[in-house]
Amino acid sequence: MSRAWALLARESALAWGRGGGPLVSVGFYAGVATLLPLAIGPESARLAAVAPGAAWVALALAALLSLDRLFERDFEDGALDLLVLSPIPLEIVCAIKCLGQWIATAAPLALAAPVAAIALGAEPRLAPLICACALIGGLAFSFVGGIGAALSLGARRGGLLTAVIVLPLFVPPVIFGGGALDALAGGLPWTSGFLLLAAYAAGAVALGPIAMAAACRNALS
Amino acid sequence: MICALTIQNLALRRGGRLLFQGLDLSLKAGEAAALTGRNGAGKTSLLRAVAGFVGPETGSIAFGDLDPSEARSEHIHFAGHHDGQKPARTVREELDFWTLWTGGTAESARLALEALELGSLLGLEVRRLSAGQRRRLAFARLLAAPRGLWLLDEPLSPLDADWRARFAAMMAEHLAKGGMIVAAVHDPLPIPATIVEVAA
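Protein chains in written order, with the numbering used here: chain A, 393 to 613; chain B, 51 to 250.
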């Protein structure tokens with residue numbers, strides 16, 4: 393097994409067991425989806441209208457939960473020092489950590505998202521797009537969120553700082569994904585929103601690790 | 051193989067405070083240095099500077115003919131106060147991963163396990179290990195992947211007398227094979243070593 397595969401396996405396993413891991417994220421997501429009818433009323437027509445968008449925003453919030461410890465634990469316990477002393481560039485290490493995070497949390501959330509949306513009254517035909525948006529959007533959330541997690545390394549109340557840094561960066565994928573879902577629900581062309589979401593995710597995957605690595609080096613020094 | 055470490059006129063600053071300046075150190079293959087000094091004098095920071103985590107205020111750190119980034123990524127082991135081991139992972143999982151990460155093999159990991167007598171602890175989660183056992187697991191990483199320069203921070207502190215003697219023998223063997231050791235210590239290092247006083 394190569395170093396990169398070994399790190400991905402380790403990160404996925406750690407993310408699965410990490411506080412705020414997939415079960416907590418899915419539980420939080422289910423909680424938000426349950427609270428929504430209580431807040432806006434149980435009328436099915438009103439719920440069905442906001443269901444895809446609400447499921448999408450809940451997904452973004454759930455993704456935040458597991459981000460704050462993405463680098464913090466490795467920073468505190470010395471693992472980040474050891475990961476740096478390797479032929480694998482730190483940028484790749486950061487990308488693999490985000491990928492592990494995505495595998496462990498975004499995949500379960502992508503399965504939960506259509507269920508929650510349909511439970512809120514969304515049409516079942518939206519389920520594949522909700523799942524696809526959740527998977528691709530989850531990639532963007534992980535890689536953009538990783539920047540916030542790396543920038544808040546060593547800071548007091550780093551989790552809160554991560555959320556403050558990251559939430560504005562979550563706006564574009566929420567708009568693009570929500571727009572695609574609304575368009576499909578309304579019988580309009582939805583591909584442009586979906587492609588913009590995919591482009592944003594690709595940009596985050598390409599550029600995020602550079603920012604993360606720079607922030608990690610700064611924290612280590 | 052890394053064959054020399056040369057530190058010239060090094061000054062380090064941390065948190066706006068100048069830790070030390072004008073520090074020189076020259077090591078060749080088979081030699082060790084013991085960094086001594088008061089708490090907060092900058093011994094750990096010096097180790098971290100050699101590892102490349104901390105940039106010097108002035109001065110230089112060179113590794114013979116090797117490019118510094120290559121030396122750090124392939125020829126340095128760093129064993130700091132924090133060992134990087136995850137409490138929920140088993141001894142085997144941790145050793146296998148770090149052996150692969152630092153360029154070792156399954157056979158070298160097996161030999162390291164034997165040398166550190168960790169075979170009976172393989173299935174145990176790291177959280178169940180004593181401080182001394184955790185330190186032995188950290189040392190197993192040093193033996194499992196052949197890297198020339200060992201940077202050790204208080205290497206012997208959690209070990210009992212028996213394991214201190216055994217690890218001293220392992221360090222001596224590493225030097226005999228042409229390796230180098232730089233260790234931050236409060237107690238004398240039980241191998242022949244150049245004493246470097248780290249002070250402002």
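Built from N, CA and C at the ideal position, the CB exists for glycine as well.
Suppose the cutoff is 7 Å on Cβ atoms and the five residues either side in sequence are ignored; what does the same chain contact list for residue i look like?
| i | result |
| --- | --- |
| G445 of chain A | G570, L573 and D574 |
Per DSSP, which residues does residue i bridge with? Please list them.
| i | result |
| --- | --- |
| F128 of chain B | B:L201 |
| M604 of chain A | None, per the DSSP bridge assignment. |
| Q280 of chain B | One cannot answer for residue 280 of chain B here, as it falls past the ends of chain B, which runs 51 to 250. |
| E175 of chain B | B:T140 |
| S158 of chain B | According to DSSP, S158 of chain B bridges with nothing at all. |
| A82 of chain B | B:I231 |
| T244 of chain B | B:A83 |
| F64 of chain B | Checking the displayed sequence, the identity of residue 64 of chain B turns out to be Arg instead of Phe. Note: R64 of chain B sits in a beta bridge opposite B:R67. |
| L116 of chain B | B:F113 |
So with CB distances below 9 Å, who are the chain A contacts of residue i?
| i | result |
| --- | --- |
| D133 of chain B | D469, G470, A471 and L474 |
Looking at C-alpha atoms only, which residue of the options is the closest neighbour of residue i?
| i | options | result |
| --- | --- | --- |
| L85 of chain B | B:D203, B:G182 and B:G65 | B:D203 |
| A405 of chain A | B:P118, B:L187 and B:A138 | B:A138 |
| H132 of chain B | B:A156, B:R184, B:I245 and B:L174 | B:R184 |
| E164 of chain B | B:A194, B:L225, B:G114 and B:I52 | B:A194 |
| A440 of chain A | A:D473, A:L451, A:E515 and A:D466 | A:E515 |
| G114 of chain B | B:A54, B:L171, B:I231 and B:V141 | B:A54 |
| L209 of chain B | B:L145, B:A91 and B:F189 | B:F189 |
| A607 of chain A | A:F463, A:C523 and A:A450 | A:F463 |
Just to confirm my understanding: we take residue i, look at its own chain, exclude 5 residues before and 5 after, and list those with CB closer than 8 Å. What are they?
| i | result |
| --- | --- |
| A396 of chain A | I480, I484 and I488 |
| S95 of chain B | L62, R64, L69 and V104 |
| V442 of chain A | L428, I432 and L512 |
| T244 of chain B | L75, L77, E81, A82, A83 and A84 |
| P622 of chain A | An answer regarding residue 622 of chain A cannot be provided, because it is not within the stretch 393 to 613 covered by chain A. |
| L527 of chain A | A498, A499 and A502 |
Please report the residue range of the beta strand (DSSP E) in which residue i lies.
| i | result |
| --- | --- |
| V232 of chain B | M230 to A234 |
Can you pull the chain B residues whose beta carbon is under 7 Å from the beta carbon of residue i, in chain order?
| i | result |
| --- | --- |
| G409 of chain A | A138 |
| R402 of chain A | F147 |
| P479 of chain A | S123 and E124 |
| L406 of chain A | K136 |
Residue i versus chain B: which residues are under 8 Å apart at the beta carbon?
| i | result |
| --- | --- |
| S458 of chain A | By Cβ distance, chain B contributes nothing, its closest Cβ being about 15 Å from S458 of chain A, past 8 Å. |
Identify the continuous alpha helix (DSSP H) that holds residue i and give its terminal residues.
| i | result |
| --- | --- |
| K78 of chain B | No alpha helix (DSSP H) contains K78 of chain B, which is instead part of the beta strand (DSSP E) from R67 to K78. |
| T426 of chain A | P414 to I432 |
| T94 of chain B | K93 to A101 |
| E167 of chain B | Element bounds for E167 of chain B: n/a, residue is neither H nor E. |
| F463 of chain A | F463 of chain A -> no alpha helix (DSSP H), and no H or E assigned at all. |
| Q493 of chain A | L482 to Q493 |
Run down chain B in chain order and give the residues with a C-beta less than 9 Å from the C-beta of residue i.
| i | result |
| --- | --- |
| A605 of chain A | Simply none; closest approach about 13 Å. |
| A398 of chain A | D146, F147, L150 and W151 |
| R461 of chain A | None at all; the shortest Cβ gap to chain B is about 12 Å. |
Using a C-beta to C-beta distance shorter than 7 Å, which residues of chain A count as neighbours of residue i?
| i | result |
| --- | --- |
| G105 of chain B | S613 |
By Cβ distance, which residues of its chain are closer than 6 Å to residue i, with the 5 residues on each side in sequence left out?
| i | result |
| --- | --- |
| R191 of chain B | W148 |
I want to verify the contact list: residues of chain A whose CB lies under 8 Å from the CB of residue i, in sequence order.
| i | result |
| --- | --- |
| F128 of chain B | D473, L474 and L477 |
> Just by C-beta distance, which residues in the stretch 164-190 of chain B are closer than 8 Å to chain C?
Replying inline: Among the protein chains in the structure shown, which are A and B, there is no chain C.
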